[in-house]
Structure formats: structure tokens, C-alpha cells
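>
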Amino acid sequence: MSAPPARPAAMVKGLWAWPAARPALVLSGMALVLCHAGLGPGRVLLGRDIALGWHVGVEAMVRAVTGGAWPLWSAHVGFGQPLWADANNQVLYPFTLLHLVLRPWTVLALYSVAHLAGTAWGMRALGLRLGLSAPAAGAAAGLWLCAGPLLSLVGMPNQLGGAAWLPWAVLCGLVALREASARWAIGWGACVAAQVLAGSPETALMGLVAAAALCLGDRGAAPGGGLRAALPVVIAGATALGLSAGQWLPSLDAARESARAAMTSAERAYWSVHPASLLELVWPLRLGALPLSAGARRVLFEGREPFLASTYLGLAALPLAGGALASRRARWARPLGAVGLLSVLVALGRFLPVHGLLTWLVPPLQLLRFPSKALVLAALCAALLAGLGLEDLIQARRRRTVLETAWWLLAAAAAVAAGLALVPWDTGALDSPAGGSGLCARLSLAALLTGAAAALARRGADGMSGRAATLLASVLVADPLLAHLDLNRGAPRTLLTHRPEIVDALRRDGASRLHVYDYLVPGASQALLGREQAYRLARAAEGWSTAGAHALAYRMYLFPPTAALWDLGGGFDVDVPRLAPPALGAMTDAVRAGTGEAHLRLLQLGAVSHTVSLHRPDPRWAAPVATGSSLYAEPVLVARVAGSLPRAYCVGRARWVPREAHVLPALLDPSFDARHEVVLVGAPGPPPAAPFSGRCGVVARGANSVTVRAEMDGPGWLVVVETYDRSWTARAAGVPVALERANGAFRAARLPAGRHDVVFEYRPRAVSAGLAATGLTAVLAAAIALRAGRREGTA
0 MSAPPARPAA MVKGLWAWPA ARPALVLSGM ALVLCHAGLG PGRVLLGRDI ALGWHVGVEA
60 MVRAVTGGAW PLWSAHVGFG QPLWADANNQ VLYPFTLLHL VLRPWTVLAL YSVAHLAGTA
120 WGMRALGLRL GLSAPAAGAA AGLWLCAGPL LSLVGMPNQL GGAAWLPWAV LCGLVALREA
180 SARWAIGWGA CVAAQVLAGS PETALMGLVA AAALCLGDRG AAPGGGLRAA LPVVIAGATA
240 LGLSAGQWLP SLDAARESAR AAMTSAERAY WSVHPASLLE LVWPLRLGAL PLSAGARRVL
300 FEGREPFLAS TYLGLAALPL AGGALASRRA RWARPLGAVG LLSVLVALGR FLPVHGLLTW
360 LVPPLQLLRF PSKALVLAAL CAALLAGLGL EDLIQARRRR TVLETAWWLL AAAAAVAAGL
420 ALVPWDTGAL DSPAGGSGLC ARLSLAALLT GAAAALARRG ADGMSGRAAT LLASVLVADP
480 LLAHLDLNRG APRTLLTHRP EIVDALRRDG ASRLHVYDYL VPGASQALLG REQAYRLARA
540 AEGWSTAGAH ALAYRMYLFP PTAALWDLGG GFDVDVPRLA PPALGAMTDA VRAGTGEAHL
600 RLLQLGAVSH TVSLHRPDPR WAAPVATGSS LYAEPVLVAR VAGSLPRAYC VGRARWVPRE
660 AHVLPALLDP SFDARHEVVL VGAPGPPPAA PFSGRCGVVA RGANSVTVRA EMDGPGWLVV
720 VETYDRSWTA RAAGVPVALE RANGAFRAAR LPAGRHDVVF EYRPRAVSAG LAATGLTAVL
780 AAAIALRAGR REGTA
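All residue numbers for the sequence shown refer to numbering that gives the first Met the number 0, where the first residue is 0 and numbers rise by one.
1. Considering only C-alpha positions, which residue in the set L71, G186, A181 is nearest to W167?
2. Work out the CA separation of A337 and P499 for me, nearest whole Å.
3. Return the chain-ordered list of same chain residues with a C-beta closer than 6 Å to the C-beta of A63, the five sequence neighbours on each side being excluded.
4. Taking C-alpha atoms, which residue in A632, G651, L280, Y518 lies nearest to A373?
5. Hey, how far is the Cα of L421 from the Cα of C214?
6. For D391, does the three-state DSSP call read helix, strand or coil?
7. Rounded to a whole number of angstroms, what is the C-alpha to C-alpha distance between L599 and H514?
8. Quick check on the DSSP output: what are the complete beta strand (DSSP E) runs of length 3 or more inside the region 476-527, in order along the chain?
9. Considering only C-alpha positions, which residue in the set A592, P305, G77, R786 is nearest to D566?
10. Using the Cβ count rule (16 or more neighbours within 10 Å means buried), how would you classify S670?
11. Starting from the C-beta of R674, find all residues in its chain whose C-beta is less than 8 Å away, skip the five residues before and the five after it, and write them out in chain order.
12. Assign G774 to one of three DSSP states: helix, strand, or coil.
13. To the nearest angstrom, how far is the alpha carbon of R267 from that of L101?
14. Would you call H497 buried or exposed, if buried means 16 or more other Cβ atoms sit within 10 Å of its Cβ?
15. Could you pull out every residue in the same chain whose Cβ sits closer than 6 Å to the Cβ of V174, ignoring the five residues on either side in sequence?
16. Roughly how many whole angstroms lie between the Cα atoms of R296 and M262?
17. Using the Cα positions of D617 and P634, report the straight-line distance between them to the nearest angstrom.
18. Report the partner residues of T706 according to the DSSP bridge assignment.
19. What three-state label does DSSP hand E403 in the structure shown?
20. In or out: D756 buried (at least 16 other Cβ within 10 Å) or exposed?
21. Can you check which of these residues, G126, G130, A146, is closest to G137 by C-alpha distance?
22. Taking 8 Å as the threshold (C-beta atoms), are V43 and R492 in contact?
23. Considering only the alpha carbon of each residue, which of A381, L317, L387 lies closest to A413?
24. Can you name, in chain order, every residue of its own chain whose Cβ lies under 6 Å from the Cβ of A781, other than the five neighbours on each side?
25. Tell me, which residues are paired with T587 by DSSP?
26. Sorted by chain position, which residues of the same chain lie with C-beta nearer than 7 Å to V575's C-beta, five sequence neighbours on each side aside?
27. Using alpha carbons as the reference points, say which of E256, P283, D252, L299 lies closest to V272.
28. Does the beta-carbon distance from Q89 to G160 come in below 8 Å?
29. Express the C-alpha separation of S276 and P370 in angstroms, rounding to a whole number.
30. For A308 and A546, I'd like the C-alpha separation in whole angstroms.
31. Cβ atoms of V719 and R746: under 8 Å apart, would you say?
32. What separation, rounded to the nearest whole angstrom, lies between the Cα atoms of G774 and L240?
33. Need the endpoints of the beta strand (DSSP E) that E739 sits in, please.
34. So G216 is in the beta strand (DSSP E); what residue range does that whole segment cover?
35. Let's see if you can read the secondary structure: which residues bound the beta strand (DSSP E) around L750?
36. CB-CB under 6 Å to L97, same chain, minus the five flanking residues each way: which ones, in chain order?
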């Protein structure tokens, strides 16, 4: 008779009896607590990308795979865009496989807790490798786990995945260079590859910078010098590039001719950290949660919410981090301090020339954006510095009086700030004094814990006992932990399962492509809604927090790209990953900024059959279809666009322009007739044969293919109003057909007279090449690691 399965509580109790497992259990428990709001029955974690982006990508991937196709193309997001090549979708990240067997909210909960716990374990292992005692290494791990920049990434799975590997990458890099170990070098490369596959190449660069800085400060790094010193770097680099080739090759190929490669410095520097926001690093202010006016938000956060909801690192840990720079472990601390300072300067983005200078010196960095991300590396450095400072305090009494004084001064300042937070200041930036009580509570708690740290530092004459050190470490970690208990909120699972009522109305009216008005465009809300605040809640569903109600309201409105969840295509949506052709970006900007003749012409040209809005569109071309409920002051209005082109059509004439910059003016030229001609870029072709007539229609559609039947009485062009990409091919009766970029952004195939079944297929060669490189590298890396292990074991 088999024994009954062990209960989770019994398993935890058994592990707790094993002293070596206790730190891991404590850190895992903290990860659970920090994500508790989204872990209960019927709950899901909230976040910036969860409801509006992540869920859409997950469903597209699952539908493709379960339908027997590769998850290469997302047909319903915008006019269609790469799915695999968009690293945000994490197609090759191993955790993504769970979506094939578990529901999205379950995977999200497991993903968040596992990555937070795993990164804390990695930080503790790194601290121990740097020579820290168990309490100091635990403090570094806890401070990193509870740091605002890291916890703010829970709502952005790709960024969290990359950041979670940071301590492990630094640890493997440090050991590989110190011991010239091939096995550790392969581990280093594997960690960097995991960051790239997770969709966060920025954190891979952060890990390289941190590992290099620590090695520069380590007198024992890279024994032997010369070739032996460079060998781990070569092995790690080759491993990282090879293992992640399945992701970065398609991503780079897609970005090469997209708007991503043509980003301006302003686009790259979007979501820079305002200098005033640097106060949040050491004070639990959380400016983005305060009721700021629209003007203040424009100054601080580009008119939106901040990229990182919190950047608080811990007030009580600040003196120890500073003291580490003058401690006996300064050889570690000073490089970390320099890297941390550089990270903060880069995060300032457009407010300081450092970010622009780096992108100029290292051109590949021009593909990256959002300087705020650099604060993740600053948080890593700050946590390690605090651990080093605590270790110095544990070992000796030196500078203890200085630290006590700093702690008491900070505690007093925080207490005064807590009192001021309750005063209803009328500065013009705050719409109301709401939020002061929460700020007061966080500041008061920080003051209390900082004072407790000062009191604990008095214990011991020549050093601190293990129990006292553990207690002090607990106080240091409790500060950011308690300040961030409510940072990552949850919502009812209905958020991801609710079906907006306008979906059925759109289906009944035969909608094929939507344009959902975006009032976040500067000036759009004032012009169209008559108010400065774009999406203002008028009510909240019962049992929903304000943040959850905002997310639900967006989904009820079908804010892009959520309509893709119900197989409704989007048109002229914001290109979030910046993978669309530049000409499509120009057209999208024109549509989103205008309401006149150009606006209507482009909607028709883009085969937009319906619009969704909160304002009433021009009745001269918009026929009302349905009205849906919303959580905003206005209902959701659905209208049919008059005169829109079909998704596929035939024309007999072409208007040639010399460059892509001339496409949009040609499309808006009053003499241009989109139903009979198409705009192409290049040298003029043969004159059309007149007269011309043709008809066509989509007869089949797959995850990565479209079949169109066309009948033409003369040579002409078959135009498919879907995004052009070099990896799309066309065949008619098995014979390849050349594809042109139609109207700057769509697809056109030149066909002779007759009846044709044209099969369009998306076949990115970079995916095949990348997967081959990844597989070959995995085999070679495993073989080298096994051989190196045997050699090092017998040495």
C-alpha cells in the first residue's frame, strides 16, 4: 500500500528542519507575500502589460500552436505584425510552454513568484561568493527582492524575467573570470541567453556591466592573464549568442526595416526619470500614485503613469550602502558604487546627456528605449552595497557611531516628512489632498524601522553576534517589504475572461477591422472629449479596486490590441514594439492626430470597417451601429465607416513615387483613387492596359498564411491590406510571385490576366537559422561542460 502524498505544510516543516533550506524558504515566503493580491482563488495579478498586451500575445501563441502552426505571425494586432520576432512575447522562453497546459492567470502567478524567489536565491549566492556572512548575504537578497524597481516589473513579465537572471549572471561571470572555468563560463552564457529569451536584452547588458565592474575590483580575478583570462569571456559570449539565436536573429531581422531602426532620440528617451523623482530612491513617496494633475504628469511621466510604479530602495539601508564605500570591502563596493551611479545617470535619459552619449558611442543601443529601466541595475548595486556595509558592521565596531548618527537623522527627517504628508498643501500640482494618509503611513514606518536599526547597531563591543546581525538584517529588509506590500495589486479573474458586449454587436454588423480612438494622444482628449484627463472613471464594478477598474474599463472599450482576443483586427493602432514599417507609422500618426478629410481617407484606405470611440464621430461618414456600457462617463460608441476598401482588392494602375517619404502625400493627393490604383515605391513600370476590371476575396486564412482568389481581365495588382514584411512570400499555381510594398505599408502582387489562387505565406528564414544555431550551441555547450567537469574533477 503506497504512502499518502505529503501535504504542503508538512513538506515546508520538513524543509525548515534542514538549516540550509531556511533562507530559501524565507525568501520564497517573501515572494509569495509580495504577490499575494493576485494569488487567491479567482484572482489575477494586475500590471501595465498584463491585460492590454501580455494576454493578447499569449492567446495568439497558444492558438497557433494548438492549431498545428508555428507561432510566427499575429494577424489581428494592428494590420498584422511578427509574433515570434517580438521578444516581448517570449516565444522561446521555457516558462512559456506552461501556457499550453495551464490557464494564463495560473502561469502568471507561478511565473511571478518563481522569478522573484529565484532572483533572491541568486542574490544570496552572489553575496556569499563575495565573502559575506549569512545575515549580510540575506540582507542583500531581501533588499534586492523588495526593491521598488524590481517589484515594479511584476506587471511586465519580459522585464521581470530578464531582471530575475541578473544576480545569477553576475555570479557566474565573476566565478568564471576568477577561476578561468569553462563550466562557469557556459553557465554565464546560459544566464545571458535566458535574459534575451525572456525578452529583456537590456538586463543582459546590465549583468555584463556589473560582472565586469566586480572583476575589475577583484584582485584575484582572471588568474594567469592573457589568453586564459580571455577564454571565459569568449566561451560565455559564444554560448549566449548561440543559445539565444532563435530569438535575437528573428528580432533583429524584423527590426532592420521597421520603425524600431528609425527611432528618434526622443522616442528612445521616452519614460526618462525626472530629477525630482530621484527622491523616491530613498523616500517611499511613490509619486505616480499621488493625485497629480495632468500638467504635473506631463512633466514627470510623459503625461502617463511612471514606467516603474516605485523606485524605493529602503531608507534604513542607505547609511550602510554609503558606509560600504569606505569599508574594508571597498574593492567590491567602489566598482558597485560607480556602476550604480552610472545607472542613475542613464535613467535620467533626456534630462542629462549621458543616455544620448551612450547610444551615440554604442550604436546597437539605439534599438533600446525607456531609460527608466537602468534603475534596476542601480537597485542591484544598492542591495549589494548594503550587504557589504552590514558585513563590515558585523565584523567590527568601526564607524558604528557615524552610522548611528546617520540613522537617527534619517529617522527624524522621515518622521517630519510623515507629518507634512498629512497637510493638505495646495501647490497647484495636486488635484486633491487624497493619498496623504498612505504616504504618511509609509514614511512613519520608514522612520520607525530606521530608528530601530540605529538602536540595534549599539549592541556588541567588537562586532555583532549572529542573532543581532540577523535581527538588524530583518529590520533593513522590513522597510521596503512593508512599503511595497500593496505595490502589485490583484483583480478578479473576470478581467481576463470578460467579453465586452460590443463584440457581439461588431460581429453582427460584419466588422472586419476596427479603429479604436486613443485619447492619450496629446490634445486628443481635450479636442474630442472636452476634458484634459483622457480616461476618467465614472464608476467601478463592485469588488474592484480603482486600478482593477481602470484595466477592466480599457478591456470593455477594446483598447488596442485587446480586440485581437476576439479575432477582430485592428487598424492604425499604436505600434508598441515598433516593428511596423515606417510608412505605416506615418499613416498612423496622421490618423490619430486628425479628424478631417485625411483622417477619413486613411481609414478607408486601411480597410477599417468600424470605429470604436467615446466621442460621436462625424455623422457624414460614420453610421451608428451600437452603444455599449463602459466604466467611463461616456458610453462606448460603435460606428460603421462609409466607403472603406475591402481587405483584398484588385487595381489596374500604379502611381510610382521615388521614396517612401513621398508615399503619404501621394495617398492624400485628391487625385489619387484608391479603388483603381496603388502607390508603389521605385521606378515607373509599364503603363496600364485599359480598361481594367477585377474581383477577389479571401478564401482561406491560417496562422501564418492567407489565400486570396482573384479574377482579372487584364494585368494588374492584387492588393492585400495587411502589413508588408520581407518574409512574406506569394505563390500562384505553385509559381513564386513578386511582392511589392503597396501604399507604403501593405502587400501587392503583380498578376497577369486570368483567375488565380494566390497563397501568401509568412516564412522568416531567420527563425530557421536561429533555431538551428540554438540547437547546435546547446549540444556543444553540454559536451564542453561535461568534459570540463571531468577535467576539473580530476585536477
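Idealized CB from N, CA, C, for every residue including glycine.
The relevant details are as follows:
1. For this step, residue 167 is matched to residue 168 along the sequence shown. The option with the nearest alpha carbon to W167 is G186.
2. Reading the sequence shown from its first residue, position 500 is the one you call residue 499. Reading the sequence shown from its first residue, position 338 is the one you call residue 337. So the two alpha carbons sit approximately 51 Å from each other.
3. Numbered from its first residue, the sequence shown carries residue 63 at position 64. Closer than 6 Å at Cβ, skipping near neighbours: P70, A702.
4. Position 374 of the sequence shown, counted from the first residue, corresponds to residue 373. Comparing Cα positions, the closest option is L280.
5. Translated into the one-based positions of the sequence shown, residue 421 becomes position 422. Translated into the one-based positions of the sequence shown, residue 214 becomes position 215. Spanning the two alpha carbons is a distance of roughly 47 Å.
6. As a first step, residue 391 is located in the sequence shown; it is residue number 392 there, counting from the start. Of the three classes helix, strand and coil, the one that applies to D391 here is helix, per DSSP.
7. For the purposes of this step, residue 599 is identified with residue 600 of the sequence shown, where counting begins at 1. For the purposes of this step, residue 514 is identified with residue 515 of the sequence shown, where counting begins at 1. Going by the C-alpha atoms only, they are around 11 Å apart.
8. 489-491, 512-515
9. By one-based count along the sequence shown, residue 566 stands at place 567. Checking every option, the nearest Cα to that of D566 belongs to G77.
10. Here residue 670 refers to the residue found at position 671 when the sequence shown is read from its first residue. With fewer than 16 Cβ atoms within 10 Å of its Cβ, S670 is classed as exposed.
11. If you number the sequence shown from 1, residue 674 lands on position 675. Answer for R674: L644, Y648, V650, listed in chain order.
12. Working through the sequence shown from its first residue, we reach residue 774 at position 775. DSSP places G774 in helix when its eight states are reduced to three.
13. Locating residue 267 in the sequence shown gives position 268, counting from the first residue. Locating residue 101 in the sequence shown gives position 102, counting from the first residue. Cα to Cα, the separation comes out at about 36 Å.
14. Residue numbering aside, residue 497 sits at position 498 when the sequence shown is read from its first letter. The residue is exposed, with fewer than 16 neighbouring Cβ atoms inside 10 Å.
15. Position 175 of the sequence shown, counting from 1, holds the residue named residue 174. Here the set comprises W183.
16. Counting from 1 along the sequence shown, the entry for residue 296 is found at position 297. Counting from 1 along the sequence shown, the entry for residue 262 is found at position 263. Straight-line Cα distance between these residues: approximately 23 Å.
17. Position 618 of the sequence shown, counted from the start, is the residue given in the question as residue 617. Position 635 of the sequence shown, counted from the start, is the residue given in the question as residue 634. The straight-line gap from Cα to Cα measures roughly 17 Å.
18. Walking along the sequence shown from the start, residue 706 turns up at place 707. Answer is A699, V758, bridged to T706.
19. Taking the sequence shown and counting its residues from 1, the one referred to as residue 403 is at position 404. Note: E403 maps to helix in three-state DSSP.
20. Numbered from 1 along the sequence shown, position 757 holds the residue referred to as residue 756. Exposed.
21. Here residue 137 refers to the residue found at position 138 when the sequence shown is read from its first residue. Looking at the Cα atoms, G126 is the closest of the given residues.
22. Mapped onto the sequence shown, residue 492 falls at position 493. Mapped onto the sequence shown, residue 43 falls at position 44. Yes, the Cβ-Cβ distance between R492 and V43 is below 8 Å.
23. Locating residue 413 in the sequence shown gives position 414, counting from the first residue. Nearest of A381, L317, L387 to A413, Cα basis: L317.
24. Your numbering for residue 781 matches position 782 in the sequence shown. Around A781: no qualifying Cβ.
25. Translated into the one-based positions of the sequence shown, residue 587 becomes position 588. T587 is not bridged to any residue.
26. As a first step, residue 575 must be located in the sequence shown, where it is residue number 576. Around V575: G52.
27. Mapped onto the sequence shown, residue 272 falls at position 273. Checked all of E256, P283, D252, L299; the closest Cα to V272 is L299.
28. Translated into the one-based positions of the sequence shown, residue 89 becomes position 90. Translated into the one-based positions of the sequence shown, residue 160 becomes position 161. Yes, they are a contact pair.
29. Within the sequence shown, numbered from 1, the residue matching residue 370 stands at position 371. Within the sequence shown, numbered from 1, the residue matching residue 276 stands at position 277. Cα to Cα, the separation comes out at about 13 Å.
30. Working through the sequence shown from its first residue, we reach residue 308 at position 309. Working through the sequence shown from its first residue, we reach residue 546 at position 547. Taking the straight line from one Cα to the other gives about 12 Å.
31. Taking the first residue of the sequence shown as 1, we reach residue 746 at position 747. Taking the first residue of the sequence shown as 1, we reach residue 719 at position 720. A contact, by the Cβ cut-off of 8 Å.
32. Within the sequence shown, the letter at position 775 stands for residue 774. Within the sequence shown, the letter at position 241 stands for residue 240. Cα to Cα, G774 sits roughly 12 Å from L240.
33. Position 740 of the sequence shown, counting from 1, holds the residue named residue 739. Here the beta strand (DSSP E) through E739 covers 738-741.
34. Position 217 of the sequence shown, counted from the first residue, corresponds to residue 216. Per DSSP, G216 belongs to no beta strand (DSSP E); it is in the alpha helix (DSSP H), 200-216.
35. Working through the sequence shown from its first residue, we reach residue 750 at position 751. Looking at the DSSP string, the run of the beta strand (DSSP E) that includes L750 is 745-750.
36. Locating residue 97 in the sequence shown gives position 98, counting from the first residue. Excluding sequence neighbours, L97 sits near V106.
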